[in-house]
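In what follows, a structure is listed as structure tokens, so that the remarks can point back to it.
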Amino acid sequence: MFFPGLSFRTTEESLRNAFMNFGQLVEVNLVMDKIANRPRGFAFLRYATEEESRKAIEGMHGKFLDGRVIFVEVAKPRSELRQRVEQNPRY
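In our numbering, the protein residues as written are 1 to 91.
Structure (structure tokens):
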């Protein structure tokens, strides 16, 4: 799953805590800006099953996390995501 527009205060721990009730989290990847040493505002999460992922999307899309409304999407292939970022640098 892909999470654009996260708060810069969001941590891997806050993501894990918010999403652990929907199933077994296999991976939590909060993308960091290495120069500024802070989150870049997006993350990827992966569950053990697709059913758990669907539950998380249904349960958390449009909810608040760390003071911002979050948007939960199915992650796109890397090439498609790169094209999206180039078209809209907000992500």
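For glycine and all other residues, C-beta sits at the position ideal for the given N, C-alpha and C.
Where residue i falls: helix, strand or coil (DSSP)
i: M32; result: strand
i: R54; result: helix
i: L15; result: helix
i: F22; result: helix
i: F2; result: strand
The beta strand (DSSP E) enclosing residue i, as first and last residue numbers
i: A75; result: Looking at the DSSP string, A75 is not in any beta strand (DSSP E), and its letter there is neither H nor E.
i: L45; result: 38-47
Within 8 Å, strictly: CB atoms of residue i and residue j
i: R16; j: L25; result: yes
i: L65; j: A18; result: yes
Backbone CA spacing between residue i and residue j [nearest angstrom]
i: A48; j: K55; result: 12 Å
i: V69; j: G41; result: 12 Å
i: L6; j: V31; result: 10 Å
i: R9; j: M20; result: 19 Å
i: G62; j: V74; result: 14 Å
First through last residue of the alpha helix (DSSP H) which encompasses residue i
i: K63; result: Premise fails: K63 is in no alpha helix (DSSP H) and is neither H nor E.
Proximal residues to residue i (C-beta, below 7 Å), its chain only, five neighbours per side dropped
i: G59; result: F22
i: E12; result: V28, L30
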